[in-house]
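S.K.: Residue numbers are given in our numbering: position 214 of the first sequence equals residue 221, and the series is strictly consecutive. C-beta atoms are modelled at their ideal positions from N, C-alpha and C, and glycine is treated no differently. The following block contains the structure, expressed as structure tokens.
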Amino acid sequence: MAGADAALPAKLLTRVPVIVGPTGIGKSRLAFELAVRLGGEIVVADSRQVYERLDIATNKPSPEMRGRVRYHMIDFVDPSLNFNAAQYVRGATAAIDDIAARGRVPIVEGGTMLYVDALSDGFTLTGIPPNAALRSELEQLDIAALRSRLLAVDPDPGVDLDNPVRVIRALEILDVAGPPLRRLRTRTPPQWQPVRIGLTASLEVIDSRLDERSRRQVERGLVDETQQALDAGVPPTAAVLTGIGYAEALAHLRGELSLEELPAAMARSNRRYARRQLRWWRRDGRVRWFEIEPDPLPGILRYLDE
RNA sequence: GGCGACGUAGCCAAGUGGCAAGGCAGAGGUCUGCAAAACCUCCAUCCCCAGUUCGAUUCUGGGCGUCGCCU
């Protein structure tokens, strides 16, 4: 965080707590408590909580929490649509400005690694929308063909050439913006100072919390919620329904997974995701880590005061 | 008790007389930006014993086990 501070004294920048960590560790609860203490509002950085109605497996804050603290960037996108990181950064940036302008404390909390970093580091994202026709054409090609097609347009695109999703996206962007791809990827730090706070615990603790949460989500009516979304016309391929919990609930509705097996399958997906999140933020030296036991809140408040 | 089939990694599963596909799960990693996605790396000497053979997971015999059918 040193570089950005040189131009503006740190104290003049609004310090924004950014709560990160693996799924199921209680980030949401902590952000809530922090908001209550600080007179804050929460900007959720989560690629699934943005969608309307699908509440259970997206782990949206409870109605009680939402009654006491104002939340932003949740529950406002038609679940049939696909929301993306560029839209997120635009919306979240506006929300933070708005919160700060009203003299309140913005608190970012989230699990979607790219969203958190894109917002906090000010990634310039093109926001170029998916081109269905181009995609269906490109999806016919194997990775070697995709790769050579990309390299023909841009010899040094800076994307993983083994990864079809990335290569297709690169071609999609180049189709609109033209080469070179690298010039489109800049960073403009936000007008506020992120204070990254990581919540962590042992893998055993995380895993057992995920087991428990998955079981409760099924009890709370995850399958019904999924069925209702389908009945409302949300296609099974919609982004929300490919998320953890909904993907497994759909498998159950298709008869591929019994109700008894459902929580375990969900917990497994969650475990993988949690590990990926830990790896992502572990390598970010700007994150200050706090164990969830004992209550990390006092230490975090002290840290924010430094 | 008889007949038949099978016995390959945590699970599913291919395969061959010459040093054992793949998928899932697991572990580790990537990320200049569609990210709860995608990608990369790692991960077995084939139930046991004896025999045939230069060489057996693959062939033969005997165990043990599982499944099915029959009595």
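Let's test the definition: count the other Cβ atoms within 10 Å of the Cβ of A239 and tell me whether it reaches 16, buried, or not, exposed.
M.R.: By the neighbour-count rule (16 or more Cβ atoms within 10 Å), A239 is not buried but exposed.
S.K.: Is it a yes or a no for the segment 168–185 touching the segment 142–158, going by three-plus beta-carbon pairs under 8 Å?
M.R.: With the cut-off at 8 Å, the segment 168–185 and the segment 142–158 touch.
S.K.: Can you tell me where the alpha helix (DSSP H) holding T100 begins and where it ends?
M.R.: Counting along the chain, the alpha helix (DSSP H) containing T100 begins and ends at A92 to A108.
S.K.: Leaving out five residues before and five after V123 in sequence, what residues of the same chain have Cβ atoms less than 8 Å from its Cβ?
M.R.: So the qualifying residues of the chain are V25, V27, A52, V115 and G117.
S.K.: What is the residue span of the alpha helix (DSSP H) that Q224 lies within?
M.R.: From DSSP, the alpha helix (DSSP H) with Q224 extends over L210 to E226.
S.K.: Give a yes or no on contact between the segment 258–273 and the segment 90–108, applying the rule of three or more CB pairs nearer than 8 Å.
M.R.: Verdict: no, contact absent.
S.K.: Is Q232 helix, strand or coil when you go by DSSP?
M.R.: Reading the sequence as shown, one finds Glu at residue 232 and not Gln. In this structure, E232 counts as helix in the three-state DSSP scheme.
S.K.: For R227, which residues from the same chain have a beta carbon less than 6 Å from its beta carbon, with the 5 sequence-adjacent residues on both sides left out?
M.R.: Excluding sequence neighbours, R227 sits near I63.
S.K.: Taking 8 Å as the threshold (C-beta atoms), are G165 and R190 in contact?
M.R.: No, the Cβ-Cβ distance between R190 and G165 is not below 8 Å.
S.K.: Considering only their Cβ atoms, is the gap separating P303 from L61 smaller than 8 Å?
M.R.: Their beta carbons are not under 8 Å apart, which means L61 does not touch P303 by this criterion.
S.K.: Answer yes if the segment 196–207 comes into contact with the segment 44–51, meaning at least three C-beta pairs across the two stretches below 8 Å, and no otherwise.
M.R.: No: the two stretches stay apart, fewer than three of their Cβ pairs being nearer than 8 Å.
S.K.: If we count Cβ pairs, one from each stretch, closer than 8 Å, do we get three or more for the segment 136–150 versus the segment 170–186?
M.R.: Contact between the segment 136–150 and the segment 170–186 is present, because at least three Cβ pairs lie under 8 Å.
S.K.: Given a cut-off of 8 Å, decide if A107 and T21 are closer than it, judged by their beta-carbon atoms.
M.R.: Yes. Within cutoff.
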